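Q: Sharing a structure here in structure tokens format.
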Amino acid sequence: MTVLLSKILLFPESAEIPGIGQYEDFHTIDWQRDIARDRMRHRYIIKKKQDSIWNLIEGAHDAWSGWLCVLLVGLFTGAVAGVIDIGASWMTDLKFGICPQAFWLNQEQCCWSSNETSFEGGNCSQWLTWAEVLGQTKLGVGSYIISYLFYIVWALLFAALSASLVRMFAPYACGSGIPEIKTILSGFIIRGYLGKWTLVIKCVGLILSVSAGLSLGKEGPMVHIACAIGNIFSYLFPKYGRNEAKKREILSASAAAGVSVAFGAPIGGVLFSLEEGIIATIFIKANLYWCRYRKYSKLGQYPVTEVLVVTVMTGIIAYPNPYTRMNTSQLIYLLFSQCGISNSDNL
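All residue numbers for the sequence shown refer to our numbering, where the first residue is 7 and numbers rise by one.
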């Protein structure tokens, strides 16, 4: 041990000291050892700052590298959250219709070019429902059936694509990611859980899953995405990339950034409070029962099929109700918007 500590003192910038800082998959980090390594590295930098101007600059960079890393994580997390929100909004509207002039626009953006002052309830000439695309009128039994079928088909396609991408390219992208992030922050090593492929597939899968209309949200996955961004940026700064204990500082700040972009206070706090109490107790018991049944039955052997069945059932049940078929963000907006003459919604 004394020899290894001597190597740290002599070569603190070295990334490959045998037995130090390198952990196997599914192992727990040594907090005391990593903290001691960082203290020795810091003392070495302080000592070398007086040798030359370059060492002084390196010392200053090391001192503010944490702030720079957190700033980059916050900026990129916000940008990724914006892309996810825009993509989910567009693909959600795609289940109802399309903008012929510019298919990449959602319904609201498409109607901005219209002469109408209001397009609530779908009253926008620029936006065509799938029934209108096929030559039907906007209202009628035939139009309703066509729109119903397109809604289910698009939802099924989104869910199938999301489940297939996760299963083939990034199995770690499944689920919310909150339990695993808490485990990693406590000092456990899970290689690949915060990797580049997991980040990409998690973002794409989140857009597809939310657009499919399933009963899930962006809150938990955004924490996972933010931590993956923080993990990637930590490798740009040896102070954090080569020390697992120090890296947890960046991951903790990244988790906070993920919560910030996912929840909008005070709406987020209100919705979160609804998940507590007796309702949450009943939900947890039902969820545990279903997980046990899925684990010990043949249903657990076909996860993709299970997702597709749940998607079809959700689409069939959700479409007849205009408030369950709409995007969650739009529903929250309607619930918390001020009532008035200009508000023609039934809520």
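The beta carbon of each residue, even a glycine, is placed where N, CA and C say it ideally should be.
The model shown is predicted, which means the values in this text are computed figures rather than measured ones.
What residue does the alpha helix (DSSP H) around Trp37 start on, and which one ends it?
A: Trp37 to Lys54
Q: Can you give me the C-alpha to C-alpha distance between Glu30 and Glu250, rounded to a whole angstrom?
A: 12 Å
Q: Do you know how far the Cα of Ile207 is from the Cα of Met174?
A: 10 Å
Q: Could you tell me the boundaries of the alpha helix (DSSP H) in which Trp203 lies?
A: Run containing Trp203: Lys202 to Ser217, per the alpha helix (DSSP H) assignment.
Q: My guess is that Ile213 and Gly321 are in contact by the Cβ rule of under 8 Å, so how many angstroms apart are they, rounded?
A: Between Gly321 and Ile213 the Cβ distance is about 17 Å, and since that is not below 8 Å, they are no contact.
Q: Can you tell me whether DSSP reads Leu145 as helix, strand or coil?
A: Note: Leu145 maps to coil in three-state DSSP.
Q: Can you find at least 3 beta carbon pairs, one from the stretch 154-173 and one from the stretch 214-224, that sit closer than 8 Å?
A: yes
Q: Once DSSP output is grouped into helix, strand and coil, what is the label at Gly181?
A: coil
Q: So, is Leu205 buried or exposed, given that buried needs 16 or more other C-beta atoms within 10 angstroms?
A: buried
Q: Specify the secondary structure class of Gly193 as computed by DSSP and reduced to three states.
A: Correct three-state label for Gly193: coil.
Q: Verify whether the separation of the beta carbon atoms of Val69 and Val267 is less than 7 Å.
A: For the sequence presented, residue 69 should be read as Ala rather than Val. No, they are not a contact pair.
Q: First and last residue of the alpha helix (DSSP H) that includes Leu242?
A: Looking at the DSSP string, Leu242 is not in any alpha helix (DSSP H), and its letter there is neither H nor E.
Q: Under the rule that 16 or more other beta-carbon atoms within 10 Å means buried, what is Val79, buried or exposed?
A: buried
Q: On the three-pair Cβ rule with 8 Å, is the stretch 71-78 touching the stretch 248-263?
A: Two segments are said to touch when three or more pairs of C-beta atoms, one from each, lie closer than 8 Å; by this definition the stretch 71-78 touches the stretch 248-263.
Q: Does the Cβ-Cβ distance between Gly236 and Ser260 come in under 7 Å?
A: yes
Q: Do you know offhand how far Cys345's Cα is from Ile151's?
A: Each residue's alpha carbon lies about 32 Å from the other.
Q: Enumerate in chain order the residues of its own chain whose CB-to-CB distance from Cys117 is below 8 Å, with the five nearest sequence positions on each side excluded.
A: Phe125, Cys130, Gln132 and Trp133
Q: Grouping DSSP H, G and I as helix and E and B as strand, with all else coil, what is Leu140?
A: coil
Q: Just checking my contact of Val313 with Ala165 at CB under 8 Å: how many whole Å lie between their CB atoms?
A: 5 Å
Q: Taking DSSP as the reference, what is the three-state secondary structure of Gly306?
A: Three-state result, Gly306: helix.
Q: Within a Cβ cutoff of 7 Å, which residues of the same chain sit near Leu337, ignoring the five residues on either side of it in sequence?
A: Tyr329
Q: Using the Cα positions of Phe102 and Ser95, report the straight-line distance between them to the nearest angstrom.
A: 12 Å
Q: Taking 7 Å as the cut-off, decide whether the C-beta atoms of Ile196 and Gly226 are in contact.
A: no
Q: For the alpha helix (DSSP H) that Val254 lies in, which residues bound it at each end?
A: Reading off the sequence, residue 254 comes out as Arg, not Val. First-last of the alpha helix (DSSP H) with Arg254: Glu250 to Ala268.
Q: Taking Ser170 as the reference, give the member of Arg39, Val210, Arg49 and Cys297 with the closest Cα.
A: Val210
Q: Contact check, Thr357 vs Ala232 under 8 Å by CB: the rounded distance?
A: Given that the chain is displayed from residue 7 to residue 353, the structure contains no residue 357 and the question cannot be resolved.
Q: If you reduce the DSSP assignment to three classes, tell me which class Leu77 lands in.
A: helix
Q: Between Phe194 and Gln142, what straight-line distance do the alpha-carbon atoms span, to the nearest angstrom?
A: 58 Å
Q: Could you tell me the alpha carbon to alpha carbon distance between Arg45 and Lys53, rounded to whole angstroms?
A: 12 Å
Q: Buried or exposed for Cys105, please, with buried defined as at least 16 other CB atoms from any protein chain shown within 10 angstroms of its CB.
A: The Cβ neighbour count for Cys105, taken over all protein chains shown within 10 Å, is at least 16; the residue is labelled buried.
Q: For Leu200, which residues in the same chain have their Cβ closer than 7 Å to its Cβ, ignoring the five residues on either side in sequence?
A: Cys233, Ala234 and Asn237
Q: Kindly list the residues whose CB is nearer than 8 Å to the CB of Ile136, restricted to its own chain and excluding five residues on each side of it in sequence; keep chain order.
A: Residue identity differs from the one stated: residue 136 is Trp in this sequence, not Ile. Closer than 8 Å at the Cβ level, and outside the excluded window around Trp136, lie Phe102, Gly103, Ile104, Ile152, Ser153 and Phe156.
Q: For Leu220, name the three-state secondary structure that DSSP assigns.
A: coil
Q: Can you tell me the Cα-Cα spacing of Ala263 and Ser149, whole angstroms?
A: 44 Å
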